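Start counting the sequence shown at 0; every next residue gets the next number (numbering that gives the first Met the number 0).
Have a look at the structure below before the remarks.
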Amino acid sequence: MVHSLITQDHIDQFQRDGVVFIKGLFAKEVEALRAGVAFNMENPGPYASDNFKEGQSGRFFDDYCNWDRIPDFKQVIETSPAAEVAADLMLSKSVQMFHDHVLVKEPGTSMATPWHQDEPYYFVEGAQNVSFWSPLDQVDQATLRCVAGSHKWEKPVLPTCWVSEEGFYADEGQYMPVPDPDAEGMTVLEYKMEPGDAVAFNYKILHGARGNTSTTRRRAFSLRLVGDDARYVERPGRTSPPFPGHDMVSGQRLREDWFPVLWQR
């Protein structure tokens with residue numbers, strides 16, 4: 000049986016398109032996540048950024064890998080239905096924590112989240128993975144945008160630094176240029192979302208988001224999880240997140256003392 004928040008149609012769409020909308024996945028956890036985001040912004044971690052570009056307005060704060068120091072995040076990750084839903088979507092018997100990510104666009108923030116795939120930045124590979132993106136405010140214009148089916152592209156998209164727009168690694172030959180999905184007529188899925196709703200997407204899905212030109216904040220919490228086939232892989236440079244000192248080798252499952260098992264069938 001699948002979790003009551005989803006149906007077999009959700010699983011089929013996730014496997015086919017690499018992205019699916021889930022109503023109310025974090026509906027009961029919205030206040031805890033808001034509290035966690037407030038603490039995170041007041042106490043940023045070493046990877047926090049305001050993503051400021053000269054000539055642009057507003058503030059686009061993001062930070063990641065804070066769940067083990069922010070009790071509200073830890074509680075949501077360990078007690079919400081997300082891990083069980085992830086197992087169903089990924090067709091996996093187990094679910095491991097990878098990392099959390101907070102993304103806040105203040106009112107009047109012009110900077111867009113650039114089109115990108117997540118997996119090229121990560122040191123993990125495997126078909127069984129899922130990222131949940133959940134707004135903590137009602138979103139329309141600044142919602143997540145995902146290119147359906149892009150997780151099946153033969154070549155990964157070049158990872159870039161969001162502010163400088165430079166390539167993330169010195170060796171760029173194995174990557175395709177960042178496309179323009181709107182200009183190229185790709186199928187872009189986006190949803191008007193209420194607080195606690197979620198978009199689930201594969202790490203290889205090309206995605207981005209517009210700036211927030213509204214008069215209200217757009218807070219979002221992302222949770223990245225992996226399944227049975229996830230393995231550590233070497234990249235041609237420092238990954239994001241970097242997880243210094245992890246001591247893993249290629250082909251190894253992620254170490255459970257750093258990336259705990261959250262759910263097992």
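Positions of the beta carbon are idealized from the N, C-alpha and C atoms, including for glycine.
None of the values given here were measured: they were computed from a predicted structure.
Item	Value
Measure the C-alpha to C-alpha separation of residue 216 and residue 28 and round it to an integer number of angstroms.	18 Å
Taking C-beta to C-beta, are residue 89 and residue 127 nearer than 7 Å?	yes
Using the three-state DSSP reduction, which class does residue 144 fall into: helix, strand or coil?	strand
So if DSSP puts residue 96 in a beta bridge, which residue, or which two residues, is it bridged to?	224
Does the distance from the CB of residue 160 to the CB of residue 204 come in under 7 Å?	no
Here's a check: name, in chain order, each residue in its chain whose Cβ is nearer than 8 Å to the Cβ of residue 68, leaving out the five neighbours to either side.	44
Taking the DSSP output, what are the residues bridged to residue 130?	200 and 223
Just to confirm my understanding: we take residue 59, look at its own chain, exclude 5 residues before and 5 after, and list those with CB closer than 6 Å. What are they?	50, 104, 108 and 110
Which residues in the same chain have their Cβ closer than 7 Å to the Cβ of residue 298, if we skip the five residues on either side of it in sequence?	Nothing can be reported for residue 298, as the shown portion of the chain is limited to 0 through 264.
Just to confirm the assignment: which complete alpha helix (DSSP H) runs, minimum length 4, are found wholly within the stretch 7-75?	7-16 and 29-41
Taking the continuous alpha helix (DSSP H) assigned at residue 88, which residues delimit it?	81-89
For a test of the three-state rule: what should DSSP assign to residue 120, helix, strand or coil?	helix
Have a look at residue 163 and residue 255 and give me their C-alpha separation to the nearest angstrom.	34 Å
Under DSSP, the beta strand (DSSP E) around residue 261 begins and ends at which residues?	260-263
Do residue 229 and residue 123 count as a contact pair if the criterion is CB distance below 7 Å?	yes
Determine, using beta-carbon pairs with one atom in the stretch 240-259 and one in the stretch 186-194, whether at least three such pairs fall under 8 Å.	no
Going by beta carbon distance, what residues of the same chain come within less than 7 Å of residue 240, once the five residues before and after it are set aside?	46, 63, 64 and 98
Go ahead and pull the three-state DSSP assignment for residue 151.	helix
Identify whether residue 212 lies in helix, strand or coil by the three-state DSSP scheme.	coil
What residue from 201, 36 and 222 has the CA that sits closest to residue 12's CA?	201
Can you tell me which of 168, 206 and 212 puts its alpha carbon nearest to the alpha carbon of residue 131?	206
In the DSSP assignment, what are the bridge partners of residue 206?	115 and 145
Mapping DSSP to helix, strand and coil, what is residue 186?	coil
Would you call residue 248 buried or exposed, if buried means 16 or more other Cβ atoms sit within 10 Å of its Cβ?	exposed
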